[in-house]
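Chemist: Protein chains in written order, with our numbering: chain A, 659 to 832; chain B, 114 to 218.
Below is a structure I'd like to ask you about.
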Amino acid sequence: MFCRTMTALAVLSLLGSTHLAHAADKPTDPQIAHIAYTAGIIDVEAAKLAIAKSKNKDVVAFARDMVRDHDAVNTQALALVKKLKVTPEDNDTSRSLVKAATVERAKLDKFDGAAFDKAYVTNEVAYHKQVNGALETLLIPSAKNAELKSLLETGLKIFQGHEQHAEHVAAGLK
Amino acid sequence: MVLQLKAWISVVLIMGLGSIAARAETIRVTIEKMVFTPAVITAKVGDRIEWINKDIVDHTATVKGRWDVVISSGKAVTLQLERAESVDFYCRFHPNMKGRVTVTP
Ligand SMILES: [Cu+2]
Chain A
659 MFCRTMTALA VLSLLGSTHL AHAADKPTDP QIAHIAYTAG IIDVEAAKLA IAKSKNKDVV
719 AFARDMVRDH DAVNTQALAL VKKLKVTPED NDTSRSLVKA ATVERAKLDK FDGAAFDKAY
779 VTNEVAYHKQ VNGALETLLI PSAKNAELKS LLETGLKIFQ GHEQHAEHVA AGLK
Chain B
114 MVLQLKAWIS VVLIMGLGSI AARAETIRVT IEKMVFTPAV ITAKVGDRIE WINKDIVDHT
174 ATVKGRWDVV ISSGKAVTLQ LERAESVDFY CRFHPNMKGR VTVTP
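Set out below in structure tokens:
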């Protein structure tokens with residue numbers, strides 16, 4: 659069962675990155691803002707599920723960190739788009755992120771206890787990897803506005819921290 | 114009254130001794146864009162580190178099993194160094210943030 663989940667995850671993240679690469683015909687700043695914001699919301703939603711379901715204190719603490727950090731970054735992103743008078747624009751990459759997250763959530767919902775913890779944390783590692791890859795190779799290089807670029811760069815460092823944190827939590831579950 | 118006076122005298126004494134022994138310093142460490150600056154700190158026992166978090170997210174300065182300072186976004190927290198030691202610290206929330214502090218007697 660776990661193996662199948664892992665394969666599905668791998669395929670999913672592969673699809674995700676292919677899709678992100680396809681949209682590489684340079685997303686515009688309004689699209690980039692939308693993608694970054696959506697990616698944050700997805701992680702907050704997954705974290706809220708973990709806070710509700712998990713009984714592992716490291717997993718719950720990690721999930722709380724995700725809610726706090728991603729909310730903080732998204733609040734900053736909203737303030738910035740308002741200041742720049744940019745309206746975030748929905749796009750194929752955002753839609754594919756949401757679609758993949760819906761599938762992942764349905765899957766996570768079926769797990770309980772240690773199996774849930776493992777599935778959630780494993781996905782957090784994979785998800786942050788995917789989003790960080792997209793930030794590094796696509797979103798940051800494409801961003802035109804300097805302030806947006808700078809926020810994305812800080813975001814990348816924060817999310818790289820999350821990726822390592824998730825890896826630590828995953829190692830602790832074994 | 115007598116007790117209060119005694120307490121006051123001892124405070125004065127401690128302060129007096131402190132200033133004779135060594136003037137404790139406060140070392141400022143700024144956290145900005147996920148980086149501790151300076152990341153390599155040298156200090157003496159009794160010195161303080163003032164952690165200033167200029168980021169939009171909370172951070173910690175943690176030495177496993179020794180100390181754990183949580184520095185909220187936009188806040189500053191002071192830590193007194195009580196032991197001579199050389200230790201690596203990191204942020205519990207973002208383990209990619211690291212530093213080292215060496216405390217000499
Ligand atoms: Cu941190």
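Glycine included, each C-beta is placed from N, C-alpha and C at the ideal position.
(1) So, does the CB of D716 (chain A) fall closer than 7 Å to a CB anywhere in chain B?
(2) For R196 (chain B), which of B:M210, B:A156 and B:V182 has the nearest alpha-carbon?
(3) From the DSSP output, in three-state form, read off T191 (chain B) for me.
(4) Of all Cβ atoms in chain A, is any one closer than 7 Å to the Cβ of K146 (chain B)?
(5) Taking H823 (chain A) as the query, report the chain B residues whose CB atoms sit under 7 Å from its CB, ordered along the chain.
(6) Taking the alpha carbon of M147 (chain B) as the point to measure from, which residue in B:V216, B:M210, B:T215 and B:P218 has its own alpha carbon closest?
(7) For the beta strand (DSSP E) that G212 (chain B) lies in, which residues bound it at each end?
(8) Give the single residue among A:V731, A:E811, A:A704 and A:D729 whose Cα lies nearest to the Cα of V718 (chain A).
(9) Could you check whether the region 723-743 of chain A touches the region 767-778 of chain A, counting it as contact only if at least three pairs of C-beta atoms, one from each stretch, sit closer than 8 Å?
(10) Do you know offhand how far S675 (chain A)'s Cα is from A801 (chain A)'s?
(11) Using three-state DSSP, classify E172 (chain B) as helix, strand or coil.
(12) Please classify V756 (chain A): does DSSP put it in a helix, a strand, or coil?
(13) Quick check on V170 (chain B) - is its C-beta less than 7 Å from some C-beta in chain A?
(14) Below 7 Å between beta carbons: does that hold for D168 (chain B) and I144 (chain B)?
(15) Shortest alpha-carbon distance to T175 (chain B) belongs to which of B:C204, B:A137 and B:T217?
(16) Please state the DSSP three-state secondary structure of V200 (chain B).
(17) Leaving aside the five residues before and after T139 (chain B) along the sequence, list all residues of the same chain whose C-beta is less than 8 Å from its C-beta, in chain order.
(18) For D687 (chain A), tell me which candidate among A:L831, A:L806 and A:H820 has the shortest Cα-Cα distance.
(19) Tell me, to the nearest whole angstrom, how far the beta carbon of P746 (chain A) is from that of Y695 (chain A); I am working on the premise that it is less than 8 Å.
(20) Residues in its own chain within less than 6 Å of V827 (chain A) by CB, not counting five upstream and five downstream?
(21) Excluding the 5 residues preceding and the 5 following K757 (chain A) in the sequence, name in chain order all residues of the same chain whose CB lies nearer than 6 Å to its CB.
(22) Between which two residues does the alpha helix (DSSP H) harbouring D723 (chain A) extend?
(23) How long is the line joining the alpha carbons of A730 (chain A) and K815 (chain A), rounded to whole angstroms?
(24) Helix, strand or coil for R205 (chain B)? Go by DSSP, reduced to three states.
(25) Work out the CA separation of T751 (chain A) and V739 (chain A) for me, nearest whole Å.
Modeler: In short, the structure shows the following:
(1) Residue-level contact check: D716 (chain A) does not touch chain B, since none of the beta carbons of chain B fall below 7 Å from its beta carbon.
(2) For the residues B:M210, B:A156 and B:V182, the minimum Cα distance to R196 (chain B) belongs to B:A156.
(3) DSSP places T191 (chain B) in strand when its eight states are reduced to three.
(4) At least one CB atom of chain A sits nearer than 7 Å to the CB of K146 (chain B).
(5) When 7 Å is used as the limit between beta carbons, H823 (chain A) is near these residues of chain B: F206, H207 and P208, in chain order.
(6) Comparing Cα-Cα distances from M147 (chain B) to each of B:V216, B:M210, B:T215 and B:P218, the minimum goes to B:M210.
(7) Its beta strand (DSSP E) spans residues K211 to T217.
(8) For the residues A:V731, A:E811, A:A704 and A:D729, the minimum Cα distance to V718 (chain A) belongs to A:A704.
(9) Verdict: no, contact absent.
(10) Interpretation of S675 (chain A) is limited by its pLDDT of 48, a score under 50 that renders its predicted location unreliable; the figure taken from the coordinates is listed afterwards. Rounded to the nearest angstrom, the two C-alpha atoms are 18 Å apart.
(11) Contrary to the premise, residue 172 (chain B) reads as His rather than Glu in this sequence. In the structure shown, H172 (chain B) sits in a strand (DSSP, three-state: E or B).
(12) Reduced to three states, the DSSP call for V756 (chain A) is helix.
(13) Yes, V170 (chain B) counts as interfacial toward chain A.
(14) The Cβ atoms of D168 (chain B) and I144 (chain B) lie closer than 7 Å to each other.
(15) Closest option to T175 (chain B), Cα to Cα, is B:C204.
(16) Of the three classes helix, strand and coil, the one that applies to V200 (chain B) here is strand, per DSSP.
(17) Counting only Cβ-Cβ distances below 8 Å, and skipping sequence neighbours, we find D160, R161, I162, E163 and T191.
(18) The shortest C-alpha separation from D687 (chain A) is found at A:L806.
(19) So it is a contact: roughly 6 Å between Cβ atoms.
(20) Here V827 (chain A) has D716, F720 and V779 as same chain residues with Cβ atoms under 6 Å from its own Cβ, once five neighbours each way along the sequence are excluded.
(21) Answer for K757 (chain A): no residue qualifies.
(22) K715 to L742 is the span of the alpha helix (DSSP H), which, as asked, contains D723 (chain A).
(23) One C-alpha to the other measures close to 14 Å.
(24) Note: R205 (chain B) maps to coil in three-state DSSP.
(25) In this structure, the CA atom of V739 (chain A) is about 19 Å from the CA atom of T751 (chain A).
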